[in-house]
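*Asks:* Going down the list, the protein sequences come from chains H and W.
The first sequence lines up with residues 105 to 360 when you count with the numbering used here.
The second sequence lines up with residues 393 to 688 when you count with the numbering used here.
Questions regarding the structure given below will be posed in turn.
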Amino acid sequence: MTDIVLTLRAALSHATDLSCVVPDRFAELSNGDLGNLPVWSAAAPRIPLRLGDLFAIEGERSSSVHVKGDCRLGEGLGREMRGGRLDVEGNVGSHCGTAMQGGTIRVTGDAGDHLAGALPGASRGVVGGEIVVLGAAGTWVAERMRRGLVYVGGSTGEFAGRGMIAGTLVVGGRPGAGAGQGIKRGSLVALGSIKPPEGFRLACTYRPPHVPLILTRLKTAFGAHLTDAQVHGLYRRHSGDLAELGKGEILEWCTA
Amino acid sequence: MRIRGTFIEDTFAEAFTMRAARIIITAHSLTWARHAATKLTGFATSVIQCKCEAGVDRELDPKETPDGRPGVSVLFMTMGKDDMPKRLIERIGQTVLTCPTTACFDGLPEVPDRVAVGSSLKYFGDGFQASKVINGERFWRIPVMEGEFLVQEKFGMQKAVGGGNFLILAETVETALAAAEAAVSAMAGRAGVIMPFPGGIVRSGSKVGSRTSKTMIASTNDAFCPTLRAVTASQIPEGVNSVLEIVLNGLDGAAIEGAMRLGIDAACREGVRSITAGNYGGKLGPHHFHLRKIMG
Numbered sequence: 105m106t107d108i109v110l111t112l113r114a115a116l117s118h119a120t121d122l123s124c125v126v127p128d129r130f131a132e133l134s135n136g137d138l139g140n141l142p143v144w145s146a147a148a149p150r151i152p153l154r155l156g157d158l159f160a161i162e163g164e165r166s167s168s169v170h171v172k173g174d175c176r177l178g179e180g181l182g183r184e185m186r187g188g189r190l191d192v193e194g195n196v197g198s199h200c201g202t203a204m205q206g207g208t209i210r211v212t213g214d215a216g217d218h219l220a221g222a223l224p225g226a227s228r229g230v231v232g233g234e235i236v237v238l239g240a241a242g243t244w245v246a247e248r249m250r251r252g253l254v255y256v257g258g259s260t261g262e263f264a265g266r267g268m269i270a271g272t273l274v275v276g277g278r279p280g281a282g283a284g285q286g287i288k289r290g291s292l293v294a295l296g297s298i299k300p301p302e303g304f305r306l307a308c309t310y311r312p313p314h315v316p317l318i319l320t321r322l323k324t325a326f327g328a329h330l331t332d333a334q335v336h337g338l339y340r341r342h343s344g345d346l347a348e349l350g351k352g353e354i355l356e357w358c359t360a
Numbered sequence: 393m394r395i396r397g398t399f400i401e402d403t404f405a406e407a408f409t410m411r412a413a414r415i416i417i418t419a420h421s422l423t424w425a426r427h428a429a430t431k432l433t434g435f436a437t438s439v440i441q442c443k444c445e446a447g448v449d450r451e452l453d454p455k456e457t458p459d460g461r462p463g464v465s466v467l468f469m470t471m472g473k474d475d476m477p478k479r480l481i482e483r484i485g486q487t488v489l490t491c492p493t494t495a496c497f498d499g500l501p502e503v504p505d506r507v508a509v510g511s512s513l514k515y516f517g518d519g520f521q522a523s524k525v526i527n528g529e530r531f532w533r534i535p536v537m538e539g540e541f542l543v544q545e546k547f548g549m550q551k552a553v554g555g556g557n558f559l560i561l562a563e564t565v566e567t568a569l570a571a572a573e574a575a576v577s578a579m580a581g582r583a584g585v586i587m588p589f590p591g592g593i594v595r596s597g598s599k600v601g602s603r604t605s606k607t608m609i610a611s612t613n614d615a616f617c618p619t620l621r622a623v624t625a626s627q628i629p630e631g632v633n634s635v636l637e638i639v640l641n642g643l644d645g646a647a648i649e650g651a652m653r654l655g656i657d658a659a660c661r662e663g664v665r666s667i668t669a670g671n672y673g674g675k676l677g678p679h680h681f682h683l684r685k686i687m688g
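Below, the structure written as structure tokens:
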């Protein structure tokens with residue numbers, strides 16, 4: 105079984121719903137079926153396009169999918185993904201990995217808003233799997249995440265980890281304002297500077313024993329650029345959000 | 393067969409099936425990993441009274457451990473499957489959890505048979521514990537005064553071999569001890585093998601059962617006691633005045649065989665009259681290690 109490779113034929117001109125690109129569903133589809141999957145574009149909102157119109161598709165019946173090209177206007181890749189592997193060489197748009205349940209997504213570029221987010225109205229977002237974005241990401245990353253690992257190599261927009269129920273969000277750069285607000289449990293590991301929300305209190309400065317495991321996993325399995333000083337360093341533990349359960353934490357890396 | 397003048401008896405060591413777990417202890421420094429491992433493997437020489445047998449498998453470089461810190465690998469063995477979780481929970485809970493800066497990981501991740509350990513130890517956290525799932529494995533973070541203790545939820549358990557052995561029959565206790573020490577030194581640090589007795593050496597080899605008590609599981613191996621040579625069915629040749637035994641447990645028979653080859657060779661020297669092995673006619677266990685085949 106060879107991997108499926110989707111190569112963008114031309115740069116997307118309008119926001120395009122690519123939520124049909126889900127590796128575990130690709131595992132049962134022939135090359136022809138893949139090409140006929142419906143895709144919705146803001147350029148012609150009432151007329152569905154076919155995935156094959158936008159991408160040159162190689163391979164079939166595989167849960168390992170490579171996407172090549174700048175998909176910064178492509179929305180919803182890996183939506184409700186249950187397994188398999190989605191590798192994107194380039195950027196992705198908003199809502200990548202929404203309500204993901206398993207498998208891995210790796211993006212070499214940047215991601216838009218609502219990375220690893222929740223479906224509208226859902227009480228919880230991502231419930232499993234790993235999402236790695238080597239670049240930066242937009243707002244509302246990992247909103248209401250229940251379980252899983254999300255890594256953003258660069259900075260994020262506002263409200264990263266908002267309302268997390270559990271799981272781990274690692275931000276390699278600087279999280280925007282409101283990061284960690286309203287989390288019940290779970291860990292937000294900030295390698296850049298962060299101002300914890302009002303509902304957090306500084307607990308201590310220590311070496312969290314699980315952080316080396318998580319960061320080593322990100323380095324070895326996904327090629328994340330992390331230093332030994334980050335892997336084995338000291339972290340300030342801020343407990344919160346005390347307006348919620350208070351069992352969550354923001355782990356702020358101590359650079360010096 | 394003779395090696396440097398030492399006669400190798402045409403006999404075999406008889407070993408039995410056990411269950412084994414491998415525990416990786418890491419710490420801020422190797423010193424603290426060793427402290428924890430020493431306590432974890434303390435009073436774990438024989439299942440007869442200790443309920444488990446354990447020893448340090450080898451020391452680990454930071455590159456070999458899950459969290460990139462110095463570590464020690466411990467092999468931990470019990471007779472039955474049901475014993476393993478009880479023994480691990482009580483021992484890790486009292487010796488590794490209590491030791492500063494340590495973390496505790498499963499050293500047999502590929503083994504399908506899993507034993508719940510961290511999921512019981514977590515209750516020490518009194519509701520403040522938290523878990524993390526990393527690469528499909530759950531770990532428990534238990535808050536302690538020094539910081540946090542990290543322990544893996546489940547540990548792999550596999551079949552193993554216990555009771556591999558050989559006996560060193562020497563002219564003097566000094567010679568026996570020097571030969572046994574050399575053997576242990578040659579076998580130490582080999583992956584998959586432990587020697588659970590003090591310094592790896594046993595002076596009180598045992599036979600099954602007892603002449604005088606029906607409740608005794610084991611009693612002194614009078615056939616190899618020099619002081620009883622004149623009054624029992626002794627197997628000690630003339631001129632032998634001290635016998636020491638090396639007991640080996642391993643993850644498999646090949647690991648034990650490899651270690652025995654090195655150990656027996658190191659023990660053969662002037663003053664060691666012969667090397668033999670303990671067996672019960674093949675009735676005790678299915679694993680037989682024939683000395684001459686191993687040394688051939």
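All C-beta atoms in this analysis are idealised placements derived from N, C-alpha and C, irrespective of residue type, glycine included.
Let's see if you can read the secondary structure: which residues bound the beta strand (DSSP E) around W/Asp449?
*Replies:* Here the beta strand (DSSP E) through W/Asp449 covers 445-452.
*Asks:* Could you please give the first and the last residue of the uninterrupted alpha helix (DSSP H) stretch that includes H/Gly352?
*Replies:* Not the alpha helix (DSSP H): H/Gly352 falls in the beta strand (DSSP E), residues 352-357.
*Asks:* What are the uninterrupted segments assigned as alpha helix (DSSP H) that are 4 or more residues long and contained completely in the region 546-592 of chain W, given in chain order?
*Replies:* Within the region 546-592 of chain W, the complete alpha helix (DSSP H) runs of at least 4 residues are 565-579.
*Asks:* Between which two residues does the beta strand (DSSP E) harbouring H/Gly327 extend?
*Replies:* Element bounds for H/Gly327: n/a, residue is neither H nor E.
*Asks:* Kindly say whether W/Ile484, judged by its beta-carbon, lies nearer than 8 angstroms to any beta-carbon of chain H.
*Replies:* Taking Cβ atoms only, chain H never reaches closer than 8 angstroms to W/Ile484, which makes this a no.
*Asks:* Using a Cβ-Cβ distance under 8 angstroms, would H/His329 count as near chain W?
*Replies:* Not closer than 8 angstroms to any Cβ of chain W, the Cβ of H/His329 fails to qualify, so no.
*Asks:* Would a check of beta-carbon distances place W/Gly460 closer than 8 angstroms to chain H?
*Replies:* Chain H, which has a Cβ nearer than 8 angstroms to the Cβ of W/Gly460, makes this yes.
*Asks:* Would the region 521-538 of chain W count as touching the region 625-632 of chain W if we require 3 or more Cβ pairs under 8 angstroms?
*Replies:* Short answer: they don't touch.
*Asks:* Whether or not the region 345-353 of chain H and the region 297-305 of chain H are in contact is what I'm after, with contact meaning three or more pairs of Cβ atoms, one per stretch, closer than 8 angstroms; do they touch?
*Replies:* The answer is yes - the region 345-353 of chain H touches the region 297-305 of chain H, with three or more Cβ pairs under 8 angstroms.
*Asks:* Roughly how many angstroms separate the alpha carbons of H/Glu193 and W/Thr430, rounded to a whole number?
*Replies:* Distance between the alpha carbons of H/Glu193 and W/Thr430 is about 50 angstroms.
*Asks:* In terms of residue numbering, what span does the beta strand (DSSP E) encompassing W/Cys708 cover?
*Replies:* This structure cannot speak to residue 708 of chain W, because chain W is shown only from 393 to 688.
*Asks:* On the DSSP letters alone, give me the boundaries of the alpha helix (DSSP H) that W/Thr612 sits inside.
*Replies:* Run containing W/Thr612: none in the alpha helix (DSSP H); it sits in the beta strand (DSSP E), 610-612.
*Asks:* Answer yes or no: do H/Gly239 and H/Gly267 have a C-beta to C-beta separation smaller than 8 angstroms?
*Replies:* Contact flag unset, no.
*Asks:* Quick check on W/Gly539 - is its C-beta less than 8 angstroms from some C-beta in chain B?
*Replies:* Among the protein chains in the structure shown, which are H and W, there is no chain B.
*Asks:* Taking contact to mean 3 or more Cβ pairs, one atom from each stretch, closer than 8 angstroms, check whether the region 323-331 of chain H and the region 236-250 of chain H are in contact.
*Replies:* They touch, by the three-pair rule.
*Asks:* For W/Gln521, is the classification buried or exposed, using 16 other Cβ atoms within 10 angstroms of its Cβ as the cut-off for buried?
*Replies:* W/Gln521 comes out buried.
*Asks:* Can you grab the Cα-Cα spacing for the pair H/Val230 / H/Ala220, in whole Å?
*Replies:* Rounded to whole angstroms, H/Val230 to H/Ala220 spans 6 angstroms at the Cα level.
*Asks:* Looking at the secondary structure, which residues open and close the alpha helix (DSSP H) in which W/Met652 lies?
*Replies:* First-last of the alpha helix (DSSP H) with W/Met652: 645-659.
*Asks:* Could you tell me which chain H residues have their CB closer than 8 angstroms to the CB of W/Phe516, listed as they occur along the chain?
*Replies:* Here the premise fails: no neighbours, minimum Cβ distance about 15 angstroms.
*Asks:* Over the uninterrupted alpha helix (DSSP H) stretch that includes H/Asp128, give me the two end residues.
*Replies:* Note, H/Asp128: alpha helix (DSSP H), 127-130.
*Asks:* As a quick exercise: from W/Pro462, W/Lys443, W/Ile395, W/Val664, pick the residue whose alpha carbon is nearest that of W/Thr418.
*Replies:* With distances taken between Cα atoms, W/Thr418 lies closest to W/Pro462.
*Asks:* If you draw a straight line from the C-alpha of W/Pro590 to the C-alpha of H/Ala203, how long is it?
*Replies:* Taking the straight line from one Cα to the other gives about 56 angstroms.
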